[in-house]
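Visitor: Those sequence lines, one after another, are chains A and B. Counting from 691, one number per residue, gives the positions in the first sequence under the working numbering. Counting from 6, one number per residue, gives the positions in the second sequence under the working numbering. By construction, the Cβ of each residue, glycine as well, lies at the ideal position given by its N, Cα and C atoms. Let me give you the structure first, and then I'll get to my questions.
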Amino acid sequence: MIWKDRYKLGVTLIDEQHQELFTRVSDFVEVLRSSVPWEQRVEKVNETLNFMKDYVVTHFHDEEKYQKQIGYPEFAAHKKIHNDMVKYVAEVASQYERDGYNEQLMQQFAGKLLAWLINHVASEDQKVADFVRKGVVEDE
Amino acid sequence: MNNPLYAPFFNATRDVFKLMLDLSNISDKPLLDKDVSAQDSKINIEIGIIGDLQGKVIYHFPKQTSLEMVKIMSGMEFSEIDDFVTSALGEIANIISGNVMSTLSVQKISCDILSPHILNETGDTTEINYEFESGMQICTDIGSVDLNIILNTK
Ligand SMILES: [Fe+2]
Chain A
691 MIWKDRYKLG VTLIDEQHQE LFTRVSDFVE VLRSSVPWEQ RVEKVNETLN FMKDYVVTHF
751 HDEEKYQKQI GYPEFAAHKK IHNDMVKYVA EVASQYERDG YNEQLMQQFA GKLLAWLINH
811 VASEDQKVAD FVRKGVVEDE
Chain B
6 MNNPLYAPFF NATRDVFKLM LDLSNISDKP LLDKDVSAQD SKINIEIGII GDLQGKVIYH
66 FPKQTSLEMV KIMSGMEFSE IDDFVTSALG EIANIISGNV MSTLSVQKIS CDILSPHILN
126 ETGDTTEINY EFESGMQICT DIGSVDLNII LNTK
């Protein structure tokens, strides 16, 4: 997963967290995609998955706190996007455990997560930066 | 025959490709039957549309274009279409379609989309007659993506 400087919002804490999030998702995808047999990488997959899951929650929480501080008008809608994602991650994680650590489910999950996160950081989170810069929320 | 969703889908696709994949050289042309190449395997993703407008849009991502897209996002090499690739492209189709719905809601047209559905076949055959059926080929530096927009305005 490739971090780009244009993703920066200009808020140090959030920018650092976004970069960390990209690193964690990259680690997860890298382990998941390696050519080692599934039985040999499942433990490492689970470990990186857990790191990433916790980090997503921490980051969303801090980002929401920041949005509240600056009086971001789209706070509720943005928080809902976060909540929906956390819910999706939790659902996948519990199904993954129930199914006894099935590789196919993880591959599907990681593909979606990759695209979702890039769009979220490159698009949704940028609206917050636009608001700070211009004092208005812009429609796409 | 002017499909009201043709322009919104082109604009949304162009914006998402630019934002997520850094593709800036993007153009469109109406899709004619002769343009549909059967040789290259494709990922076909259907997204249903419900509400004020009813129908579906089907995205056709050729194999090489798909692999290149996932490579741009992940920074990793992909050689085959698999669950990871299909799911990532399903999410891109979901994002584009969701953005179109947001644009429509500004115009007081209220629609929702259904979750991406992966089709095994090209999925262009519909039994029901729709008011609008248009195809669009979106050309980029990493290949072209075809969209079929099938719609009833009630
Ligand atoms: Fe966010």
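Would you identify the three-state DSSP class for glutamate 830 of chain A, choosing helix, strand or coil?
Guide: Because the pLDDT of glutamate 830 of chain A is 46, which lies under 50, any placement of that residue in the model is unreliable, and the question is left without a value.
Visitor: Between aspartate 815 of chain A and ligand 1, is the CB less than 7 angstroms from at least one heavy atom?
Guide: Yes, ligand 1 has a heavy atom inside 7 angstroms of this Cβ.
Visitor: For the segment 783-809 of chain A, list every residue whose C-beta sits within 7 angstroms of some C-beta in chain B, in sequence order.
Guide: Listed in sequence order: Gln794, Gln797, Gln798, Ala800, Gly801, Lys802, Leu804, Ala805, Trp806, Ile808, Asn809.
Visitor: Please confirm whether any heavy atom of ligand 3 lies closer than 7 angstroms to the CB of glutamate 753 of chain A.
Guide: Among the ligands modelled here, namely ligand 1, ligand 3 does not occur.
Visitor: Helix, strand or coil: how does DSSP classify methionine 141 of chain B here?
Guide: Strand at methionine 141 of chain B.
Visitor: Compare the C-beta of aspartate 33 of chain B against all C-beta atoms of chain A and say whether one is closer than 8 angstroms.
Guide: Output row for aspartate 33 of chain B: interface = no.
Visitor: For the alpha helix (DSSP H) that contains lysine 23 of chain B, what are its first and last residues?
Guide: Lysine 23 of chain B -> alpha helix (DSSP H) spans 11-26.
Visitor: Please name the residue or residues paired with asparagine 157 of chain B in a DSSP beta bridge.
Guide: Looking at the DSSP assignment, asparagine 157 of chain B forms a beta bridge with B:Gln59.
Visitor: Less than 8 angstroms between CB atoms is the rule here; does glutamate 830 of chain A satisfy it with respect to chain B?
Guide: Confidence at glutamate 830 of chain A is low in this model, with a pLDDT of 46, below 50, so its placement is unreliable and the value that follows should be read with caution. Taking Cβ atoms only, chain B reaches closer than 8 angstroms to glutamate 830 of chain A, which makes this a yes.
Visitor: How big is the Cα-Cα spacing for valine 90 of chain B and methionine 691 of chain A?
Guide: Taking the straight line joining both Cα atoms gives about 14 angstroms.
Visitor: Leucine 10 of chain B and valine 105 of chain B - do their beta-carbons sit closer together than 8 angstroms?
Guide: In this structure, leucine 10 of chain B lies closer than 8 angstroms to valine 105 of chain B by Cβ.
Visitor: Answer yes or no: the CB of histidine 810 of chain A versus the heavy atoms of ligand 1, is any distance below 7 angstroms?
Guide: Yes, ligand 1 has a heavy atom inside 7 angstroms of this Cβ.
Visitor: So, under 8 angstroms CB-CB, asparagine 153 of chain B and glycine 140 of chain B are touching, yes? Tell me the CB distance rounded to an integer number of Å.
Guide: Going by Cβ atoms, the distance from asparagine 153 of chain B to glycine 140 of chain B rounds to 5 angstroms, so yes, they are a contact pair.
Visitor: So is glutamine 69 of chain B buried or exposed if we call it buried at 16+ other beta carbons inside 10 Å?
Guide: Flag for glutamine 69 of chain B reads exposed.
Visitor: For chain A, is any of its Cβ atoms less than 8 angstroms away from the one on valine 62 of chain B?
Guide: Not an interface residue.
Visitor: Against serine 842 of chain A, what residues of chain B qualify as contacts under a CB-to-CB distance less than 7 angstroms, listed in chain order?
Guide: Given that chain A is displayed from residue 691 to residue 830, the structure contains no residue 842 of chain A and the question cannot be resolved.
Visitor: When you compare each of B:Cys144, B:Asp117, B:Leu156, B:Gly148 to isoleucine 31 of chain B by their alpha carbons, which one comes out closest?
Guide: For the residues B:Cys144, B:Asp117, B:Leu156, B:Gly148, the minimum Cα distance to isoleucine 31 of chain B belongs to B:Cys144.
Visitor: Helix, strand or coil for valine 90 of chain B, going by three-state DSSP, please let me know.
Guide: Three-state result, valine 90 of chain B: helix.
Visitor: Can we count histidine 65 of chain B as close to ligand 1, meaning its CB is less than 7 angstroms from some heavy atom?
Guide: Result no, Cβ not under 7 angstroms from ligand 1.
Visitor: Could you check whether the Cβ of isoleucine 100 of chain B sits closer than 8 angstroms to any Cβ belonging to chain A?
Guide: Chain A contact via Cβ: present.
Visitor: Give me the subset of the segment 76-107 of chain B whose CB atoms are less than 9 angstroms from a CB atom of chain A, sorted by chain position.
Guide: Here the close residues are Ile77, Met78, Ser79, Gly80, Met81, Phe83, Asp87, Asp88, Phe89, Val90, Thr91, Ser92, Ala93, Leu94, Gly95, Glu96, Ile97, Asn99, Ile100, Asn104, Ser107.
Visitor: On the CB-based measure, 16 or more other CB atoms within 10 Å of its CB, does tryptophan 806 of chain A come out buried or exposed?
Guide: By the 10 Å Cβ count, tryptophan 806 of chain A comes out buried.
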